[in-house]
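All residue numbers for the sequence shown refer to my numbering, where the first residue is -9 and numbers rise by one. Note that CB positions come from ideal geometry on N, CA and C, so glycine has one too. Here the structure is a predicted model, which is why all the values come from computation and not from measurement. Everything on this sheet refers to the single structure shown next.
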Amino acid sequence: MNPTRKRCLRTVLLETYMNGTRVLAYAMFAAAVILLLARSSMVHPQLRQIKVIVDFQQSETRNREAVQGSGSVIIRRGTVQPSGRIAAGNRETTVQRSTGIFTLVQDGGESILTVAARVPYDQIAFYRDYLTGAGYVARTVTFSDVGSSLKVSASILPGNQIRVRLTPRISYFSSDRSAGAIDVTEASTELVVPHGQSVSLGGSTTKMHEVTRHILGYGERSGASDTSLSLTATVQ
-9 MNPTRKRCLR
1 TVLLETYMNG
11 TRVLAYAMFA
21 AAVILLLARS
31 SMVHPQLRQI
41 KVIVDFQQSE
51 TRNREAVQGS
61 GSVIIRRGTV
71 QPSGRIAAGN
81 RETTVQRSTG
91 IFTLVQDGGE
101 SILTVAARVP
111 YDQIAFYRDY
121 LTGAGYVART
131 VTFSDVGSSL
141 KVSASILPGN
151 QIRVRLTPRI
161 SYFSSDRSAG
171 AIDVTEASTE
181 LVVPHGQSVS
191 LGGSTTKMHE
201 VTRHILGYGE
211 RSGASDTSLS
221 LTATVQ
């Protein structure tokens, strides 16, 4: 075999070896990627979502008293004699209202449940006094707008139960146009609820902090009428 032919054969063998090495390397890389994705899906399974609903049920009784009169004039042989009667009635009406707000939370995660983007002006003083008294903001800060919400944390527990934690969040704009959002952590309310079952808030099963009650409007509403709050958590 002449030298030229030997060199060509050596080149062909070298290229074949290098191509085979590349193919093997690509195959090993693809296998490593597939194994990594498989392990990632095992370590981080798809998270389930939890729907948290807060329901407000208000029953108000209204009394309506009415006085109705009727009369006539009787003429008897030149004399005029009035005649009349008065009837009093009492009507009682019960008005029931039901509203609800909800949010979706990933298992082990958090979400924000907005209650009021802007609270009425006469309620701003309550939040300002509480935050300044608790040391969250300086007493020199004057609020111009206040929003209220709840940070909802939820996680799935064994036995078809769900742990829910409600933390009041107060956002504000001050008179100098500075803004902030404060999580009132010491006012958090935590409860464990069965999947899909309604649990009373502020009743015998749970105790709500004053700020949470105020954000949900429980204090004002219960003073004028019978108001009940309930929470339902459902795994989606």
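Alpha-carbon to alpha-carbon, ALA22 and PHE116
Rounded to the nearest whole angstrom, the C-alpha separation of PHE116 and ALA22 is 60 Å.
By a C-beta neighbour count over all protein chains shown, 10 Å radius and 16 as the cutoff for buried, is ARG108 buried or exposed?
Its Cβ having fewer than 16 others within 10 Å, ARG108 is exposed.
On a Cα-Cα basis, can you pick out the residue from THR224, SER220, SER139 and GLN226 that is closest to SER88?
Just measuring C-alpha positions, the residue of THR224, SER220, SER139 and GLN226 sitting nearest SER88 is SER220.
Reference ARG118; option with closest CA among GLN39, SER168 and TYR162:
Among GLN39, SER168 and TYR162, the Cα nearest to that of ARG118 is on TYR162.
Where DSSP assigns a beta bridge to SER88, which residues make up the other side?
BP columns for SER88 point to GLN47.
Express the C-alpha separation of LEU121 and GLN39 in angstroms, rounding to a whole number.
One alpha carbon belongs to GLN39, the other to LEU121, and they sit about 33 Å apart.
Exposed or buried, which one is PRO158 when buried takes at least 16 other CB atoms within 10 Å?
Buried.
Under 6 Å Cβ to Cβ from GLN226, same chain only, skipping five residues before and after it: list those, please.
Same-chain partners within the cutoff: GLN39 and LYS41.
Measure the C-alpha to C-alpha separation of ALA171 and ILE160 and round it to an integer number of angstroms.
Near 6 Å, if we compare the C-alpha coordinates of ILE160 and ALA171.
Report the partner residues of LYS197 according to the DSSP bridge assignment.
The beta-bridge partner set that DSSP reports for LYS197 is empty.
May I ask you to verify whether the stretch 139 to 158 touches the stretch 98 to 107, counting CB pairs closer than 8 Å and requiring at least 3?
At 8 Å Cβ cutoff, the stretches touch.
Coil, strand or helix - GLY123 by DSSP:
GLY123: helix per DSSP, three-state reduction.
Buried versus exposed call for ALA128 [16 or more other C-beta atoms within 10 Å across all chains shown]:
With a threshold of 16 other beta carbon atoms within 10 Å, ALA128 falls short and is exposed.
Taking 8 Å as the cut-off, decide whether the C-beta atoms of SER134 and SER168 are in contact.
It is not a contact, given that the beta carbons lie outside the stated cut-off.
My output table needs one value for ALA177: the three-state DSSP class, helix, strand or coil.
Looking at ALA177 - three-state DSSP - the assignment turns out to be helix.
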